[in-house]
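Structure record follows, encoded as structure tokens.
Here it is as structure tokens:
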């Protein structure tokens, strides 16, 4: 019984995720990964923090020379010679429209009305405290940071109607509230090995917590009631990982490389479900093991002049290796085995159709001066391949494309940066229509639909940075580890 | 593997060796440390830092980027170097440094002039030092070295007395906060040369560079940094030699590692104590109560399971006849109309009597559970046959297609469209006979207003293009599916394959069939023409009926005889 509930609830999560964000077309119905990947945010790529980097399209691995460096390349911290505190605020607005929605029912196609939802969120995205010290006559820089890596806030409420070729029109309502995030607490250290080369590492404590609640309804027009389903789930994720970075600096060129280790995280969730066509249930909290794969980034920064930077980063994510482990998999002959399934399509790991992703980020920064006050202008372009390849109807991967721009100014010990990013993606994909899909083995005709989805996302970043005298931290460290002078 | 490890170790050792052999402090850190040492009168130390900054860093410039958004303004290590050398009473080196400073034109002329005055005073006081050899100082790391020759131009003789300087704005680096050269506003007395002290730190001359307002007293320098336990020259954490910092770093790292280890162990212990999570990826069983009986049938082993129903081997109590009993999944029954449609379609299928169609004997319902009793066949599905054989000989493929076409021709004439024709629904009996299963059953899965076939229950490898967009599917959709099956029989694989079912569907709609010449397995043009006609995207271009197809298939089989 426990297994049945788990199976059903996972399917619920998947189906509802698809319903709101449009993504359940796989052969395997238990698209748990979509809870994070699809329903939670339009982009699943993990990019570092900071308005300066955001203005440059996220191409910052080979520069990484400010307090947000650890989130891109921890080796860049070794360049800092003054203590710094920084905070980054991020706000985003997402607009999503679905058009040309047609029910997947060849015998009686249903045309649904267009829908458009939008919502805005904002929060602290990053905060850090960085202290450089000297060790063995070299610069050793330490940093504590908080990074809100994945924003899982989402609110939407949409109603639309469907007109079948024959039969009674239907009304659909889909509402979702989701709050939470996945963040990382990091301790980073960087060491200036040679004047050309610095090495860095960070130990990251990943924690995620998000609550999801939805209401789905399908009813015939004019009818007071129909198939109604409410579903909620709170999910948590925990794990540790390491990042290793190297930075090489030449007069006209900087080169950076970062490797992020794989790690195993615990993923726990508790679901509650109530529907007009099934009994209410609140099964116990479940726990799974989630394997997060390694990834790496290589970047270059070209410096044509003292005040002009051109940067390019290439990110590689091995999403095909992102697995849920220790699960029971049923073979075709009905027997079962314990193995792992891919996080995104829930196919056995050896048969997954999830594709690895390679993302390009390009950026540029130009410094101008007003007297002795430097201010920067930045632009960037980026392409992020998302791992949900199976849900797209059209050939090719799901690709998010974006542009960015930003400005920054340095006023004494203060630096203020502002960046704007605009992402857009358009594709045909599958939509969930009928809440009863959660109790069917596989999608039945009419329970899902094809739609042309357009997503526009606007992001705004504000970074504040303050540098203070090294003497302050020197005194504190001396007090902590050495004692008063003369002792 | 061992070779790779060895290579990695050697590379790492080389990198570490390079690191150990080099000074690993940034040029701007040297510069800042030099300014700090200069301010505190540690002239020798300051000279070392300024020379390092010149060796590693860029040429003197009015504006130099350091890191982040930090810039140094009026970056002129030569000026400060000259000052320190004057304090150290090394006039020739100071003269060369001053000459370089003048060459780059970064520092204001009055400041240079002040130093020039002091230098001449120094020279006049110790003429014996003139002409000594000075070292070469490379500038800018990758730039050409600058020869610090003793041929500094002689400055005009100046009275060794007080020289008033014009006030200048203090040069501090905004943001970087690095102290710039101090502004000289007070008289600069010429120091008296002390033979034998040129290489030692000396007390600063009274305020050579002092603040413009209420200058704080310059701390009295000491002979050596170590003797006084001074802070490190680069202004690091202020620890002697850096060793305590390393000890502290090791302690901190150990504490962090210990915490991480404890958390990791706890996490694993907790995970080990829990029941392993179970996630059944696929498969829903049909629970049948009543002691394994359904109507007049006693259920036996499971024969198969699909998206909609489970099929059991069953025995009829009355005559011990063995049948295949198809029972819908419980989940399907939540749809109120499902039971009605299931029964109706079962009755329709019951009316089909053809040697190539699996017979439906009985349709019934027991305790709210509908069922279909079908002819029980011993054999394999065409899917299994293909999986083992890879592909079939042309003759066998055409014979199978002929048998299916005969079944379709019969069913279509009775107004029944299969809608889900695929190798899994075709049985190959031990005798070689072909039987098509599940006629009309797929249709059952739909709902009023949302009804249709379950074409998308699995990968739509055999779905006709009109399955998505067409308002009506007719018997020609079955012919398209049969064309895809024929292709697979001949080539061993379906023409449109992708990891995404919806991508497959799109390929059915838009992607052309491979050309005859590109096929991996040779096919006779006449046979290929049949495949192409069956697989036409436009249903108008296909055979208008299964009977028309049978004419061509029979002709092809006749040609093979």
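Chains as they are written, first to last, in my numbering: chain A, 383 to 869; chain B, 538 to 1098. The C-beta atom is built at its ideal place from N, Cα and C for all residues, glycine as well. In this text the structure is predicted, and so the values were computed from the model without any measurement.
- Within the DSSP secondary-structure output, residue 867 of chain B pairs in no beta bridge.
- Within the model, the alpha-carbon separation for residue 485 of chain A versus residue 1051 of chain B is close to 30 Å.
- Proximity of chain A to residue 604 of chain B at the Cβ level (cut-off 8 Å) is accounted for by 447, 448, 461, 462, 463, in chain order.
- Contact with chain A is found for residue 610 of chain B, since one of that chain's Cβ atoms lies less than 9 Å from the residue's Cβ.
- For residue 851 of chain B, there are no neighbours in chain A by C-beta distance under 7 Å, as the nearest C-beta there is about 18 Å away.
- Note on residue 683 of chain A: 16 or more other CB atoms within 10 angstroms of its CB, so buried under the neighbour-count rule.
- In this structure, residue 803 of chain A sits near residue 436 of chain A, with a CB-CB distance shorter than 9 Å.
- A residue is called buried when at least 16 other Cβ atoms come within 10 angstroms of its Cβ; residue 619 of chain B meets this threshold and is buried.
- Each residue's CA atom was taken as its position, placing residue 842 of chain B and residue 595 of chain A some 33 Å apart.
- Here DSSP, grouped into helix, strand and coil, assigns residue 811 of chain A to strand.
- The beta carbon of residue 580 of chain B does not come within 9 Å of any beta carbon belonging to chain A, so the residue lies off that interface.
- With a cut-off of 8 Å on Cβ pairs, the segment 653 to 670 of chain A is in contact with the segment 594 to 614 of chain A, counting three or more such pairs.
- Within a 10 Å sphere around the beta-carbon of residue 792 of chain A sit 16 or more other beta-carbons, which makes this residue buried.
- Within chain B, the residues whose beta carbon sits less than 8 Å from that of residue 585 of chain A are 793, 797, listed in sequence order.
- Note: residue 1074 of chain B is not bridge-paired with any residue in the DSSP secondary-structure output.
- For residue 1085 of chain B, the enclosing alpha helix (DSSP H) covers residues 1083 to 1097.
- At the C-beta level, residue 908 of chain B and residue 862 of chain B come within 9 Å of one another.
- Judged by DSSP secondary structure, residue 928 of chain B falls outside any alpha helix (DSSP H); it is assigned neither H nor E.
- Taking 3 residues as the minimum length, the beta strand (DSSP E) runs contained wholly in the segment 891 to 977 of chain B are 897 to 903, 906 to 912, 916 to 918, 963 to 966, 971 to 973, in order along the chain.
- The secondary-structure analysis by DSSP pairs residue 730 of chain A across a beta bridge with A/723.
- Residues of the segment 582 to 593 of chain B whose Cβ lies closer than 8 Å to any Cβ of chain A, in chain order: 593.
- When Cβ-Cβ separations below 9 Å define contact, residue 607 of chain B makes contact with chain A.
- Contact holds between the segment 466 to 478 of chain A and the segment 836 to 848 of chain A, because three or more Cβ pairs, one in each stretch, are under 8 Å apart.
- The segment 508 to 517 of chain A makes no contact with the segment 550 to 558 of chain A; the number of CB pairs closer than 8 Å stays below 3.
- Proximity to residue 813 of chain A across A/530, A/466, A/501, A/598 peaks at A/598, based on C-alpha coordinates.
- Within chain A, the residues placing a beta-carbon under 8 Å from that of residue 563 of chain B are 461, 463, 521, 574, 577, ordered along the chain.
- Using a Cβ-Cβ cut-off of 9 Å, residue 797 of chain A counts as an interface residue toward chain B, since at least one Cβ of chain B sits closer than that to its own.
- Distance from the CA of residue 706 of chain A to the CA of residue 725 of chain A, rounded to the nearest whole angstrom, comes to 6 Å.
- Taking the C-beta atoms as reference points, residue 910 of chain B is found no nearer than 9 Å to residue 850 of chain B.
- Annotation: the continuous alpha helix (DSSP H) that includes residue 856 of chain A extends over 852 to 859.
- Closer than 9 Å to the CB of residue 646 of chain B there is not a single CB belonging to chain A.
- Taking 9 Å as the CB threshold, residue 562 of chain A stays off the interface with chain B.
- Across the segment 733 to 755 of chain A, CB contacts with chain B closer than 8 Å involve 735, 749, 751, 754, 755, in sequence order along the chain.
- Between residue 533 of chain A and residue 433 of chain A, the alpha-carbon positions lie close to 16 Å from each other.
- Assignment of beta-bridge partners to residue 579 of chain A by DSSP yields A/630.
- About 6 Å separates the beta carbon of residue 914 of chain B from that of residue 972 of chain B, a gap short enough to meet the 8 Å contact definition.
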